[in-house]
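There are 2 protein chains.
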Amino acid sequence: MSEVAALVGDRARAEMLSALVSGRALTAKELAYVAKVTPQTTSEHLSKLVEAGILTFNTQGRFRYFRLASAAVSQMLEGIMTVAASRRVPTFRDPTLARARICYDHLAGQLGVAIADSLIRNGHLLLGPDGGEVTESGETFLAKLGIDVKGSRRRRRAFCRPCLDWSERRYHIAGAIGAAVAERCFEMKWVNRIEESRALHITPAGEKGLLATFGIKRVAAEKVSSHQ
Amino acid sequence: MSEVAALVGDRARAEMLSALVSGRALTAKELAYVAKVTPQTTSEHLSKLVEAGILTFNTQGRFRYFRLASAAVSQMLEGIMTVAASRRVPTFRDPTLARARICYDHLAGQLGVAIADSLIRNGHLLLGPDGGEVTESGETFLAKLGIDVKGSRRRRRAFCRPCLDWSERRYHIAGAIGAAVAERCFEMKWVNRIEESRALHITPAGEKGLLATFGIKRVAAEKVSSHQ
DNA sequence: AAGACAGTTCGGTGCACACCGAAGAGTGCC
DNA sequence: GGCACTCTTCGGTGTGCACCGAACTGTCTT
Numbered sequence: 033m034s035e036v037a038a039l040v041g042d043r044a045r046a047e048m049l050s051a052l053v054s055g056r057a058l059t060a061k062e063l064a065y066v067a068k069v070t071p072q073t074t075s076e077h078l079s080k081l082v083e084a085g086i087l088t089f090n091t092q093g094r095f096r097y098f099r100l101a102s103a104a105v106s107q108m109l110e111g112i113m114t115v116a117a118s119r120r121v122p123t124f125r126d127p128t129l130a131r132a133r134i135c136y137d138h139l140a141g142q143l144g145v146a147i148a149d150s151l152i153r154n155g156h157l158l159l160g161p162d163g164g165e166v167t168e169s170g171e172t173f174l175a176k177l178g179i180d181v182k183g184s185r186r187r188r189r190a191f192c193r194p195c196l197d198w199s200e201r202r203y204h205i206a207g208a209i210g211a212a213v214a215e216r217c218f219e220m221k222w223v224n225r226i227e228e229s230r231a232l233h234i235t236p237a238g239e240k241g242l243l244a245t246f247g248i249k250r251v252a253a254e255k256v257s258s259h260q
Numbered sequence: 033m034s035e036v037a038a039l040v041g042d043r044a045r046a047e048m049l050s051a052l053v054s055g056r057a058l059t060a061k062e063l064a065y066v067a068k069v070t071p072q073t074t075s076e077h078l079s080k081l082v083e084a085g086i087l088t089f090n091t092q093g094r095f096r097y098f099r100l101a102s103a104a105v106s107q108m109l110e111g112i113m114t115v116a117a118s119r120r121v122p123t124f125r126d127p128t129l130a131r132a133r134i135c136y137d138h139l140a141g142q143l144g145v146a147i148a149d150s151l152i153r154n155g156h157l158l159l160g161p162d163g164g165e166v167t168e169s170g171e172t173f174l175a176k177l178g179i180d181v182k183g184s185r186r187r188r189r190a191f192c193r194p195c196l197d198w199s200e201r202r203y204h205i206a207g208a209i210g211a212a213v214a215e216r217c218f219e220m221k222w223v224n225r226i227e228e229s230r231a232l233h234i235t236p237a238g239e240k241g242l243l244a245t246f247g248i249k250r251v252a253a254e255k256v257s258s259h260q
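Protein sequences appear in the order of chains B and P. Okay, so the first sequence: first residue is 33 according to this note's numbering, each after it adds one. Okay, so the second sequence: first residue is 33 according to this note's numbering, each after it adds one.
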């Protein structure tokens with residue numbers, strides 16, 4: 033256990049892993065940039081992480097694209113982040129990140145929690161610490177958005193999993209259905225990735241769509257959450 | 033994130049934390065013993081872990097009893113262990129640990145998985161990566177064992193949660209109901225804690241009871257699991 | 001074939017920190 | 001009060017390892 037934790041325990045490697053929780057595959061040079069170390073040092077770090085089964089890569093020409101090796105790794109990192117965040121003063125280095133961000137492959141932050149809330153309020157979703165489920169009305173509702181719930185359900189991975197949000201300290205939707213919702217939001221250009229970050233930008237079309245679909249009024253305008 | 037992971041990343045501290053995943057509260061001296069370092073060194077480690085919100089302690093006379101600070105910490109450690117175990121060759125340092133052990137406050141290892149399997153097979157329990165639930169017939173069944181399912185359900189903590197077993201690579205029951213089952217097994221003297229370890233010993237009464245109740249024939253006799 | 005660029009390997013430097021011995025503070029028992 | 005015991009604080013030592021510069025391999029471009 034200590035070997036794995038020690039790998040995550042290095043500042044530079046932790047920065048690289050945080051960047052990869054976005055689910056994207058990044059090249060060694062990009063990772064060097066986010067970790068603020070030279071390519072030589074990055075290379076050492078990456079080979080250790082691959083050796084330990086935390087990352088995998090595939091080579092395309094002279095580029096090497098690194099990504100998290102498994103969902104177990106992603107879950108481990110979320111676990112560490114949750115403990116780390118629980119200690120921190122409620123000041124976020126990046127308020128954009130608290131507003132809307134990507135968490136491996138699904139939406140998180142105020143936006144992720146707001147979507148989950150809206151679905152729950154309207155009887156489309158059940159979500160608790162033990163797990164989650166989409167109701168029949170939810171299946172119909174999401175179909176109108178262009179999401180194939182039955183298809184998601186058939187996939188091997190967890191279908192609907194609660195994910196504890198480290199900034200909001202509440203649950204948002206993960207699993208196949210969480211990924212499907214996020215994918216549709218990208219496709220419809222409701223949200224854009226902000227370069228070099230897990231943060232997301234909500235487009236004007238997104239503001240409209242989110243209000244019309246989920247009744248979400250500008251997450252940006254919401255006060256910093258009021259719990260604890 | 034890196035600070036928290038770095039704390040777990042030290043060999044001695046990781047040994048202490050592993051010992052505490054058993055859910056028991058241990059004194060500084062006991063932790064010094066499991067970590068194989070002097071009391072002075074242990075004291076430093078413990079104060080760092082408390083400072084970081086990973087451990088808490090309560091003082092009783094001249095003793096200080098340390099325990100994990102929260103369920104989030106426990107979940108983080110399980111996550112790290114899962115990733116660490118996924119890499120290891122399928123040789124366990126301690127086969128007793130693979131057979132039956134305590135995982136925070138519930139049963140794990142071959143025994144934990146076998147109990148979950150039996151309950152599922154008989155329609156008493158639903159358990160998947162997304163969560164779990166006890167059925168009506170399960171409620172009746174567990175009541176006969178002396179477990180108050182409704183009472184467990186009312187508790188604030190997660191009621192029935194899947195926990196990925198690092199030795200079996202399959203799910204066993206965690207959450208309030210998992211803790212309740214474990215507690216009853218202790219009360220009925222089906223299993224005993226083995227000193228200084230998370231491992232459990234199955235008593236002769238336990239062998240009988242487990243066979244009669246769950247149809248489990250000696251987990252000790254089972255072959256080392258056949259996956260991967 | 002030459003140059004540009006991505007990534008790796010090697011060798012050396014410097015710092016952070018785990019560790020222990022010695023000494024001190026607080027508690028319990030007789 | 002005196003002694004035993006648990007735990008902590010302080011100071012000094014040793015080492016593991018992150019880091020970089022320099023040099024090398026491999027791929028793409030022109």
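For glycine and all other residues, C-beta sits at the position ideal for the given N, C-alpha and C.
Neighbour flag for residue i against chain B, beta carbons, 8 Å
i, result
"P/I112", "yes"
"P/A171", "Residue identity differs from the one stated: residue 171 of chain P is Glu in this sequence, not Ala. No, P/E171 lies away from the interface with chain B (no Cβ there is under 8 Å from its Cβ)."
"P/M108", "yes"
"P/A46", "yes"
"P/T123", "With a pLDDT of only 49 at P/T123, under 50, the local geometry of the prediction cannot be trusted, and the value read off the model is given with reservation. Chain B contact via Cβ: absent."
"P/S199", "no"
"P/R216", "no"
"P/S118", "yes"
"P/V105", "yes"
"P/S50", "yes"
Beta-carbon contacts of residue i that lie in its chain and below 7 Å, excluding the five residues immediately before and after
i, result
"B/T88", "V82, R99 and A101"
"B/K249", "L243"
"B/A51", "L58, L63 and V66"
"B/E76", "none"
"P/F173", "H156"
"P/K80", "L39"
"P/E254", "Low per-residue confidence applies at P/E254: pLDDT is 42, beneath 50, and the placement is therefore not dependable, though the value from the model is reported in the following sentence. Within the same chain, P/E254 has close Cβ partners Q142."
"B/Y136", "V53, G55 and S106"
"B/S150", "F246, G247 and I248"
"P/E239", "R250"
"P/L159", "A148, I152, P194, Y203 and I205"
"B/E47", "V66 and A67"
Residue from the options with nearest C-alpha to residue i
i, options, result
"B/R131", "B/A57, B/R56, B/D42 and B/E200", "B/E200"
"B/A244", "B/V181, B/L232 and B/L177", "B/L177"
"P/A38", "P/A51, P/T74, P/A211 and P/I86", "P/I86"
"P/G144", "P/R43, P/K240, P/S50 and P/L232", "P/L232"
"B/A109", "B/C195, B/V53 and B/A175", "Note on residue identity: the sequence assigns Leu, not Ala, to residue 109 of chain B. It is B/V53."
"P/D197", "P/S150, P/V213, P/K80 and P/M113", "P/M113"
"B/Y203", "B/L139, B/A104, B/T70 and B/L174", "B/L139"
"B/Y97", "B/T167, B/G238 and B/R56", "B/R56"
"P/I205", "P/V223, P/F218 and P/G164", "P/G164"
"P/L49", "P/L129, P/T91, P/Q72 and P/V105", "P/V105"
"B/P236", "B/E215, B/K221 and B/I226", "B/K221"
"B/V115", "P/N224, P/G207, P/A175 and P/M33", "P/M33"
Neighbourhood of residue i by C-beta distance below 8 Å, restricted to the same chain and skipping five residues each side
i, result
"B/E341", "The first residue shown for chain B is 33 and the last is 260, placing residue 341 of chain B beyond what the model contains."
Short CB-CB distance (under 8 Å) between residue i and chain P
i, result
"B/S34", "yes"
"B/R153", "no"
"B/R43", "yes"
"B/A67", "no"
"B/I86", "yes"
"B/V213", "no"
"B/V115", "yes"
"B/A64", "no"
"B/A37", "yes"
"B/V40", "yes"
Residues near residue i by beta carbon distance below 6 Å, same chain, minus five either side
i, result
"B/G93", "none"
"P/I147", "F246"
"B/N90", "Y97"
"B/F95", "T59"
"P/Y129", "Correcting the residue identity first, residue 129 of chain P is Leu in this sequence and not Tyr. Correct list, in chain order: A231."
**OP:** Kindly confirm or deny that the segment 48 to 67 of chain P and the segment 167 to 186 of chain B touch, where touching means at least three C-beta pairs closer than 8 Å.
**Re:** Verdict: no, contact absent.
Restricting to runs no shorter than 3 residues, where is the beta strand (DSSP E) found entirely within the segment 163 to 226 of chain P? 163 to 166, 193 to 196, 203 to 206 and 223 to 225
Length-filtered (4 minimum) alpha helix (DSSP H) runs lying within the segment 65 to 138 of chain B = 71 to 83, 103 to 119 and 127 to 131
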